[in-house]
Structure formats: C-alpha cells, structure tokens
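Quick notes on the structure that follows.
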Amino acid sequence: MKSRIWLLALCIWIPFLLLASHWITASRAQLQILFQFKINAVMQGASFQAERLDWADAPSALAGAFHAAENDPDIAFLHLADARGNTVYSFQTEKFQALLAGFMAKTVLYEDTNGYVIVKQPIIQTDQMRGNLIAGFTRQRLQAETDRQRWRAYLYILLFSALLAVLGLIFARYVSEPVTSAAETITHYQKEGERIYVRLPEDGGGELGRLARAFNRLADATDQRLEDSIRYQNYLEAFFALSPMPIIITDTIGNVEKANRSACALFELNMEGMLKSHLENLLGPANFNAIKNHINESGENIRGYVGVITMPDGVQKIVEVHLSLLFNAQRALKNFIISLINVTDSMRTQQEILAERVQSNEARRVKEPEYGVPEYALKLEKLAQVSYKVAQCQSVVQLLDKFVIEGRDLIDAAESRVYLWEKQKRHMLPAKAAPE
50 MKSRIWLLAL CIWIPFLLLA SHWITASRAQ LQILFQFKIN AVMQGASFQA
100 ERLDWADAPS ALAGAFHAAE NDPDIAFLHL ADARGNTVYS FQTEKFQALL
150 AGFMAKTVLY EDTNGYVIVK QPIIQTDQMR GNLIAGFTRQ RLQAETDRQR
200 WRAYLYILLF SALLAVLGLI FARYVSEPVT SAAETITHYQ KEGERIYVRL
250 PEDGGGELGR LARAFNRLAD ATDQRLEDSI RYQNYLEAFF ALSPMPIIIT
300 DTIGNVEKAN RSACALFELN MEGMLKSHLE NLLGPANFNA IKNHINESGE
350 NIRGYVGVIT MPDGVQKIVE VHLSLLFNAQ RALKNFIISL INVTDSMRTQ
400 QEILAERVQS NEARRVKEPE YGVPEYALKL EKLAQVSYKV AQCQSVVQLL
450 DKFVIEGRDL IDAAESRVYL WEKQKRHMLP AKAAPE
C-alpha cells in the first residue's frame with residue numbers, strides 16, 4: 050500500500066511540476082513583452098522630444114529633454130546624430146563605443162546582443178530626415194526579475210513537495226502501516242501457524258474503522274480456531290504415536306514422511322531407517338505396483354488389500370493394507386496414509402484349520418464306502434483341497450488361476466470363466482478363462 054500512496058503522490062506532484070514550469074515560461078514571456086512595450090514607449094517619447102527641439106541649442110537643452118530617459122534604470126546609453134552622422138547628443142556612450150560602432154555600421158533598426166537591446170529611431174521633421182536616435186537598453190533588471198519569478202516557482206514546488214511528502218508519511222503511518230502489519234502477520238500466520246497478535250485501532254466510523262473492526266473479528270475467530278485445531282492436532286498426534294496399528298504417511302511417490310512405532314516394529318526397522326525408506330522397499334515391488342496401478346486407474350482409496358511382505362531376515366508376513374488418499378485445499382493429491390494389519394497368525398490358523406479339515410475329509414473318504422456316498426465324499430475332499438490352495442495364493446493372478454482351473458475341475462465343467470466388475474464403466478470384464 051505504501052507504494053500506491055507514493056504513486057498517488059507522484060501523480061499529484063507531476064501535474065503540479067508541469068503547471069509550475071508553464072507558469073515560469075509564461076512569466077518570462079510576459080516580462081519580455083512588458084520590456085518590449087517599455088522600449089517602444091521610451092523611444093517614442095525621446096524621438097518626440099528630439100523632433101520639437103532645435104538641435105543647434107545648447108546641449109543642456111537636449112539633456113533636459115532627455116532627462117526622463119537618462120533616469121530610466123533600463124537605459125544603458127543614448128546617442129543622437131544628425132543626417133551626416135555627426136554626434137549631436139550622447140549619454141553614457143563612453144563605455145559602449147565598440148558596441149555602438151558595430152551597430153551603426155549595420156543597416157538594422159533593432160539588435161539584441163550581449164545582454165543589451167539596441168534600437169535605432171529615425172528623426173523625421175517636415176518629411177525631412179534630420180538624423181537618428183540610438184538607445185541601448187540593458188536586460189539586467191529583466192533578467193533579475195525573471196530569476197526572481199523562477200526562484201519563486203522553485204520555492205512553491207519545494208513547499209508543495211514537502212507538504213505532499215508529509216501528508217504521504219502521515220497517511221502511511223496511520224493507514225498503511227497498520228494494514229501492512231496486519232498483512233505481514235497473516236502471512237506469517239499462514240507459514241508458522243501462530244496466533245495473530247496484531248489488532249488494528251478501531252477509531253473512527255469510516256471505511257478504515259469498518260475494515261479494522263472486521264479484521265479484529267476475523268483475527269479473534271482465527272485465533273480460536275487455531276487453538277481448537279492445535280488441541281485436536283495434539284489428540285491426533287497422540288493417537289498416531291500410541292496406536293497399536295502400524296501407520297505410515299508417504300508422499301505421492303512413496304517416500305516415507307512419517308511413521309509410528311508400531312510400523313517400525315512391523316518392518317523391524319528403527320525410526321531413522323523408516324524415514325529413509327520407500328514404500329516399494331517396504332511392501333515389495335509386486336504389492337507396490339498393484340497398489341499404484343489401482344490408484345492411477347481408479348483414484349480411490351484401498352480397503353483390505355492382502356499381500357505378503359518379506360523382512361530383512363527373509364521371514365515373510367501377511368498383511369492387510371488400507372490406503373487413504375490425502376488431498377490439499379486445491380484438491381491436489383498430497384499424501385498417502387497407509388495402515389497395515391498383520392494377519393500372519395490368523396492366516397496360519399486358518400491354514401491349519403483347512404489342513405485339519407483336509408485330513409478329516411481324507412479320513413471320511415476312507416470310510417465313505419461304508420455309508421454308500423463315495424461321490425459326495427470326493428467332492429468334499431476336492432473342495433477342501435481347493436480352499437487350502439486358495440489360502441496359499443500370494444497374488445491376484447494366482448488366485449484367478451485357482452478359481453478358473455480348480456473350480457472347473459470341482460464341478461466337472463468343460464469350460465470356466467472369471468469376470469471382474471468394472472465400477473467406472475458398470476459392466477463385467479472377462480479376466481480369466483480355462484482353457485485359454
């Protein structure tokens with residue numbers, strides 16, 4: 050805002066400067082016109098006196114006739130000569146002999162040179178040329194008056210500039226600085242998340258007062274919301290740190306930005322090692338690519354993805370992955386929040402149950418002929434074997450193969466197909482068939 054204030058002051062100062070320059074030029078031109086009028090008036094009066102006198106009279110008579118001209122401060126010298134060029138009367142011509150001789154050698158009536166204006170006025174009486182009256186006028190008083198006008202204009206410009214600067218400083222102090230301070234505080238708050246300690250003065254009932262009151266109410270509300278958000282953030286931080294569920298936060302390319310202790314325990318890494326890890330290294334390339342492809346194709350969260358991860362010592366763990374997409378205020382993807390559930394023990398328990406069921410079915414198959422239902426026993430045995438094989442699958446591809454091949458053999462079908470539901474296009478897509 051300060052720059053705009055000074056820009057406004059400059060926009061006011063420049064027209065004033067142009068106006069002052071025009072006034073100086075106009076004053077100089079006006080003084081020049083007045084000076085020319087005075088030259089004409091003096092020459093007309095002096096020539097009139099010269100025409101009515103008898104030049105044969107004593108020089109004192111001519112001096113009395115030109116007394117007014119001699120006392121004029123703008124007249125430097127006077128020279129009256131007859132038609133043959135003889136001097137009849139002179140006044141202060143001694144100092145200007147060279148200037149006068151040069152002018153008389155020319156056939157001009159007017160010359161402006163070296164700060165002097167020299168004018169020749171022919172004296173004519175009864176249609177006869179009696180001689181010439183030559184007068185030299187100095188420009189000293191004209192130049193002095195022009196300089197005074199110019200310095201007066203400079204003084205006005207200086208005073209106006211000082212007044213404009215003082216007004217700009219006052220306006221900047223009482224208007225710009227509070228607003229600038231508020232803007233800097235808001236910017237700092239956006240970066241640091243601290244309280245807004247600045248409150249604008251609410252004096253006055255104009256627009257600035259209304260702006261100050263509105264800003265103060267906004268600052269109070271923002272401080273309250275900030276306190277609430279900090280409190281909730283502390284709750285979330287405590288939950289994140291103390292949660293028994295492994296939680297990892299990564300950027301959009303998979304670099305780990307944050308992890309809790311449970312995640313470190315799951316992957317058997319310390320916190321420093323976790324923060325230097327990549328999701329592909331933690332979950333394995335196959336699981337990472339499957340998750341990445343799902344996000345790229347659907348743009349949706351992942352719920353209940355089951356995969357096998359390998360620890361640094363070679364031990365494998367079965368985990369259930371839940372991934373949520375975190376967006377910023379502009380709806381741009383910012384982070385991945387990943388929670389994992391170690392289902393290794395439950396899967397092993399399930400496999401043990403299935404193995405026991407297979408053994409039980411095998412024992413039952415041996416005894417089935419006694420009951421007369423061998424075909425039913427065979428089907429149950431096949432079903433148990435298929436369930437056991439499905440539980441051991443480590444990828445979606447293996448799972449589809451088991452469904453297609455084992456399922457076809459289970460029901461003695463000639464052909465089997467597996468279809469996947471495409472949610473976006475809302476129709477079934479063939480995924481696997483046996484035979485191919």
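Sequential numbering of the sequence shown, starting at 50, is according to my numbering. Quick reminder that beta carbons are idealized off the backbone N, C-alpha and C, glycines included.
With residue i and residue j assumed to form a contact (beta carbons below 8 Å), what rounded beta-carbon distance in angstroms separates them?
| i | j | result |
| --- | --- | --- |
| Ile172 | Gly185 | Their Cβ separation, rounded to whole angstroms, is 17 Å, which puts Ile172 and Gly185 out of contact at 8 Å. |
| Ile486 | Leu331 | With the chain covering 50 to 485 only, the question about residue 486 has no answer from this structure. |
| Pro361 | Glu317 | 6 Å |
| Ser76 | Gln198 | 4 Å |
| Trp62 | Ser210 | 6 Å |
| Leu486 | Pro295 | The question about residue 486 has no answer here: the residues shown for the chain are numbered 50 through 485. |
| Glu194 | Leu68 | 21 Å between Cβ atoms; not a contact. |
| Asp121 | Val91 | 6 Å |
| Asn384 | Asp300 | 6 Å |
| Ala202 | Ile73 | 5 Å |
What residues match up with residue i in a beta bridge as DSSP calls it?
| i | result |
| --- | --- |
| Lys366 | Ile358 |
| Leu372 | Ile351, Ile387 |
| Gln177 | Gln174 |
| Val168 | Tyr159, Ala184 |
| Glu464 | According to DSSP, Glu464 bridges with nothing at all. |
| Ala130 | Thr136, Asn181 |
| Met477 | Trp470 |
| Asp327 | Here residue 327 turns out to be His, not Asp, going by the sequence shown. Partner(s): Asn304. |
| Ile61 | Bridge partners of Ile61: none, in fact. |
| Leu489 | Nothing about residue 489 can be read from this structure; the chain reaches only from 50 to 485. |
Hey, would you say residue i sits closer than 8 Å to residue j, going by beta carbons?
| i | j | result |
| --- | --- | --- |
| Val370 | Ile351 | yes |
| Phe126 | Thr142 | yes |
| Ala433 | Arg406 | yes |
| Ala99 | Ala118 | no |
| Leu328 | Val305 | yes |
| Phe289 | Asn309 | yes |
| Leu66 | Ile206 | yes |
| Ile344 | Tyr354 | no |
| Thr398 | Lys366 | no |
| Leu449 | Val467 | yes |
Let me make sure I understand the geometry here. Which of the options has the alpha-carbon closest to that of residue i?
| i | options | result |
| --- | --- | --- |
| Lys438 | Ala404, Val467, Tyr468 | Ala404 |
| Gln189 | Asp123, Gln170, Ile73 | Asp123 |
| Val137 | Tyr165, Gly180, Ala339 | Gly180 |
| Ile297 | Leu375, Arg133, Asn338 | Leu375 |
| Met178 | His116, Cys60, Leu129, Ile82 | Leu129 |
| Gly348 | Ser139, Asn120, Glu276, Gln473 | Gln473 |
| Ala312 | Ile386, Ile73, Trp72 | Ile386 |
| Pro64 | Gln93, Asn89, Leu213 | Leu213 |
| Leu204 | Ser70, Ser465, Lys307 | Ser70 |
| Leu389 | Arg475, Ile183, Gly356 | Gly356 |
| Glu23 | Leu148, Ile454, Leu382 | This structure cannot settle anything about residue 23, because the visible part of the chain is limited to 50 through 485. |
| Arg135 | Leu182, Phe115, Ala268, Glu346 | Going by the sequence as given, residue 135 is Asn instead of Arg. Of the listed residues, the one whose Cα sits closest to Asn135 is Leu182. |
| Phe220 | Leu285, Tyr281, Tyr159, Leu57 | Leu57 |
| Ala145 | Pro479, Gly164, Gln93 | The sequence shown places Phe at residue 145, rather than the Ala named in the question. Among Pro479, Gly164, Gln93, the Cα nearest to that of Phe145 belongs to Gly164. |
| Thr175 | Leu216, Trp200, Arg101 | Arg101 |
| His116 | Ala132, Phe140, Asp131 | Phe140 |
| Glu471 | Asn89, Glu346, Arg380 | Glu346 |
| Thr187 | Asp131, Phe84, Arg133 | Phe84 |
> In chain order, which beta strand (DSSP E) runs of at least 3 residues are fully inside the stretch 256 to 304?
Replying inline: 296 to 299
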